[in-house]
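Peer 1:
Residue numbers (our numbering): 699 to 1256.
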């Protein structure tokens, strides 16, 4: 039994759809656990001050993670590992040992400095909290400073597991991460309160790291601390990672601003923003992250071998399938938003007012789902090609767009009664307080749409992708999505009088059955339109993807 488990952990997955489906399945498992986590938070804590503090405590550790841990990021290290793998494995070990040592020294020193600066930083960023709440926030933030260290090392391990296409163990890591957080909610929160929650996060980060160790050991790449660093090698890694660091840092700064603005709004605004963000992250992880992660090692290998035509072809394949999956999800999430939120979070301390606000925020986030997924893919495409400056500039532009849009929209919302009434009526939240929080996800979506549009046209120009070939897929998917949404909406109205919408089961069945009917209608239309993506997905699901049998000739190298 143990031998069989390890055989699965070491299994190599080659085809794009096989790897993407595998990652998607585990993304579903991970995100299901994340939804269980959020339901527990909603039930026991509700959208209030305690949860606001919990989510705010992540901001500084997250900033450290994206800033310092970029040194061991998968998008930077995989091309370098593949490049050295073509020579010999000793060069790979030298790279890993140098990066591991430099990262560990750097992040421990920075975390130690930030440990003492946390009170001042939190007071500036989250000025909406009281003095007592600031004291609690300082404690939570300091505990969470352990997470970037553990997750950074796990990222380094992830570079190795992905290079060898051991997607199974890589995909399993976030599952264990959420198990740790749930354990913190169930077992540590009753003992230590909100500090127990953040210790659960640290425990989850430890599990995220530990699950990858057996594969790393078997491959012979377990890193060790060395006392003589290769400065030239590290300089190259830093130069490659610097644009990504600055780009991610710009994105984190934008999030700092959004959460900071939420702290100035009514109690629970940070929680509403975070809950809706987490919900929209479910389809993003299943679709956008899965396809971009599955494609990246092969993209890096193809460009390294100067097979640019195949590189472009695989980008187009992934883009087509992101369109195919994401557009229907966008429409269905908007139509079924209330049922989704009420089913997942509608329990205990989480009332109908919070449900309506979260549902509206979810709709505004999910509008940019296609854009977010494409950004993940194109950024990885640029990194696989060793071109890091352009994604940096576009990310900075996007972050600036998010920040400017947030301030503009909040001022417009507060000064224009017409605009306020339009938003509130559109999302059916006109009779509840705290609706200004909706400007934050709207601002984020505007920034991400700018990001995706600019990246799309830049990538097409730089690599001559012949993006016109995508129009047919976009039209098919868009048409199918509209039909799905229309049929699902009509079904919702029909089932209003059949199910008891005052109960969990009634709301769930109304949303689930309506969604299924809408999906069936969309699939029928796609079949009539001769959707190539529907046919490819059908073949992939019909075959046993765990046998690593490629689904199409052009995906053999993926």
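A virtual CB, placed ideally from N, CA and C, is assigned to each residue, including glycine.
Rank 733, 1053, 1052 by C-alpha distance to the C-alpha of residue 981 and give the top, closest one.
Peer 2: Within the chain shown, the letter at position 283 stands for residue 981. If we check each option's Cα against that of residue 981, 733 comes out closest.
Peer 1: For residue 1182 and residue 1165, what's the separation of their Cα atoms in angstroms?
Peer 2: Residue numbering aside, residue 1182 sits at position 484 when the chain shown is read from its first letter. Residue numbering aside, residue 1165 sits at position 467 when the chain shown is read from its first letter. If you take the alpha carbons of residue 1182 and residue 1165, they lie about 26 Å apart.
Peer 1: Check this for me: beta carbons of residue 1014 and residue 1008, under 8 Å apart or not?
Peer 2: Working through the chain shown from its first residue, we reach residue 1014 at position 316. Working through the chain shown from its first residue, we reach residue 1008 at position 310. In terms of Cβ geometry, residue 1014 and residue 1008 do not form a close pair [threshold 8 Å].
Peer 1: Would you call the CB atoms of residue 1111 and residue 1146 closer than 8 Å?
Peer 2: In the chain shown, counting from the first residue as 1, residue 1111 sits at position 413. In the chain shown, counting from the first residue as 1, residue 1146 sits at position 448. Taking 8 Å as the Cβ cut-off, residue 1111 and residue 1146 do not qualify as a contacting pair.
Peer 1: What residue range is occupied by the uninterrupted alpha helix (DSSP H) comprising residue 1136?
Peer 2: Start at 1 with the first residue of the chain shown, and residue 1136 comes out as number 438. First-last for residue 1136: undefined, no H or E at that position.
Peer 1: Where does residue 965 land, buried or exposed, given buried means 16+ other C-beta within 10 angstroms?
Peer 2: Translated into positions along the chain shown, residue 965 becomes position 267. Under this definition residue 965 is an exposed residue.
Peer 1: Does DSSP put residue 1237 in a helix, a strand or coil?
Peer 2: Stepping through the chain shown from its first residue, residue 1237 is reached at position 539. Three-state result, residue 1237: helix.
Peer 1: Would residue 1045 pass as a contact of residue 740 if the rule is Cβ separation under 8 Å?
Peer 2: One-based indexing of the chain shown puts residue 1045 at position 347. One-based indexing of the chain shown puts residue 740 at position 42. In this structure, residue 740 lies closer than 8 Å to residue 1045 by Cβ.
Peer 1: Judging by CA-CA distance, which residue of 889, 897, 1061, 994 is the nearest neighbour of residue 1012?
Peer 2: For this step, residue 1012 is matched to residue 314 along the chain shown. Considering only alpha carbons, the answer is 994.
Peer 1: Give, in chain order, every unbroken run of the beta strand (DSSP E) that is at least 3 residues long and sits entirely within the stretch 1041-1108.
Peer 2: The DSSP assignment places no complete beta strand (DSSP E) segment of no fewer than 3 residues inside the stretch 1041-1108.
Peer 1: Which same chain residues end up closer than 7 Å to residue 1086 when comparing Cβ atoms and leaving out the 5 residues on each side of it in sequence?
Peer 2: In the chain shown, counting from the first residue as 1, residue 1086 sits at position 388. Only 938, 941, 942, 1080 meet the Cβ criterion.
Peer 1: I want to know whether the stretch 1033-1049 touches the stretch 971-981 - three or more CB-CB distances under 8 Å.
Peer 2: yes
Peer 1: Are the CB atoms of residue 897 and residue 841 nearer to each other than 8 Å?
Peer 2: On the chain shown, residue 897 is found 199 positions in, with the first residue counted as 1. On the chain shown, residue 841 is found 143 positions in, with the first residue counted as 1. Yes, these two residues count as a Cβ contact at 8 Å.
Peer 1: In terms of residue numbering, what span does the alpha helix (DSSP H) encompassing residue 786 cover?
Peer 2: Translated into the one-based positions of the chain shown, residue 786 becomes position 88. Note, residue 786: premise wrong, no alpha helix (DSSP H); not H, not E.
Peer 1: Since residue 1209 contacts residue 1034 with CB under 8 Å, what's their CB separation in whole angstroms?
Peer 2: Indexing the chain shown from 1 puts residue 1209 at position 511. Indexing the chain shown from 1 puts residue 1034 at position 336. In this structure, residue 1209 and residue 1034 form a Cβ contact; the two beta carbons are roughly 5 Å apart against a cut-off of 8 Å.
Peer 1: Only counting the same chain, and skipping five residues up and downstream in sequence, which positions put a Cβ closer than 6 Å to that of residue 872?
Peer 2: Position 174 of the chain shown, counting from 1, holds the residue named residue 872. Taken in chain order, the residues that qualify are 728.
Peer 1: Once the 5 residues before and after residue 763 are set aside, which same chain residues still bring their CB inside 8 Å of it?
Peer 2: Taking the first residue of the chain shown as 1, we reach residue 763 at position 65. Answer for residue 763: 845, 846, 849, 850, listed in chain order.
Peer 1: Under a three-way DSSP split, which group does residue 780 fall into?
Peer 2: On the chain shown, residue 780 is found 82 positions in, with the first residue counted as 1. Here residue 780 sits in helix by DSSP.
Peer 1: When burial is assigned at 16 or more other CB atoms within 10 Å of the CB, is residue 750 buried or exposed?
Peer 2: Sequence index remark: in the chain shown, residue 750 carries index 52 (1-based). Residue 750 should be labelled buried.
Peer 1: Just checking residue 1148 against the ligand FAD - is the residue's beta carbon closer than 7 Å to any of the ligand's heavy atoms?
Peer 2: As far as ligands go, the structure on display features none, and thus does not contain the ligand FAD.
Peer 1: Could you spell out where the alpha helix (DSSP H) holding residue 1227 opens and where it closes?
Peer 2: Residue numbering aside, residue 1227 sits at position 529 when the chain shown is read from its first letter. It spans 1202-1227 - the alpha helix (DSSP H) in which residue 1227 sits, taken as one unbroken run.
Peer 1: Do residue 1097 and residue 952 come within 8 Å of each other at the CB atom, strictly closer than that value?
Peer 2: Locating residue 952 in the chain shown gives position 254, counting from the first residue. Locating residue 1097 in the chain shown gives position 399, counting from the first residue. Taking 8 Å as the cut-off, the beta carbon of residue 952 is found closer than this to the beta carbon of residue 1097.
Peer 1: Below 7 Å CB to CB, which residues in the same chain sit around residue 726 once its five sequence neighbours on both sides are set aside?
Peer 2: By one-based count along the chain shown, residue 726 stands at place 28. Correct list, in chain order: 984.
Peer 1: Within the stretch 723-770, note down every full alpha helix (DSSP H) run reaching 4 residues or more, in order along the chain.
Peer 2: 747-754, 757-766
Peer 1: Once DSSP output is grouped into helix, strand and coil, what is the label at residue 994?
Peer 2: Start at 1 with the first residue of the chain shown, and residue 994 comes out as number 296. Helix.
Peer 1: Let's see if you can read the secondary structure: which residues bound the alpha helix (DSSP H) around residue 914?
Peer 2: Mapped onto the chain shown, residue 914 falls at position 216. In the DSSP assignment, residue 914 falls within the alpha helix (DSSP H) that extends over 911-917.
Peer 1: With DSSP as the reference, label residue 1162 as helix, strand or coil.
Peer 2: Taking the chain shown and counting its residues from 1, one reaches residue 1162 at position 464. Coil.
Peer 1: If you compare alpha carbons, which of 963, 1148, 800, 1028 is closest to residue 1217?
Peer 2: Numbered from 1 along the chain shown, position 519 holds the residue referred to as residue 1217. Nearest of 963, 1148, 800, 1028 to residue 1217, Cα basis: 1028.
Peer 1: With distances taken Cα to Cα, identify the nearest neighbour of residue 903 among 922, 917, 890, 882.
Peer 2: Translated into the one-based positions of the chain shown, residue 903 becomes position 205. Checked all of 922, 917, 890, 882; the closest Cα to residue 903 is 882.
Peer 1: Out of 1132, 869, 792, state which residue places its alpha-carbon closest to the alpha-carbon of residue 932.
Peer 2: Position 234 of the chain shown holds residue 932. Nearest C-alpha to residue 932: 792.
Peer 1: With H, G and I counted as helix, E and B as strand and the rest as coil, what does DSSP make of residue 817?
Peer 2: Counting from 1 along the chain shown, the entry for residue 817 is found at position 119. Residue state, collapsed to three classes: helix.
Peer 1: I believe residue 794 touches residue 998 by the beta-carbon criterion, under 8 Å. Please report the beta-carbon distance rounded to the nearest angstrom.
Peer 2: Counting from 1 along the chain shown, the entry for residue 794 is found at position 96. Counting from 1 along the chain shown, the entry for residue 998 is found at position 300. Taking a contact as a CB-CB distance under 8 Å, the pair residue 794 and residue 998 does not count as one, their CB atoms being some 16 Å apart.
Peer 1: Here's the rule I'm using: 16 or more other beta-carbon atoms within 10 Å means buried, otherwise exposed. How should residue 759 be labelled?
Peer 2: Along the chain shown, read from residue 1 onward, the residue named residue 759 stands at position 61. Result: buried.
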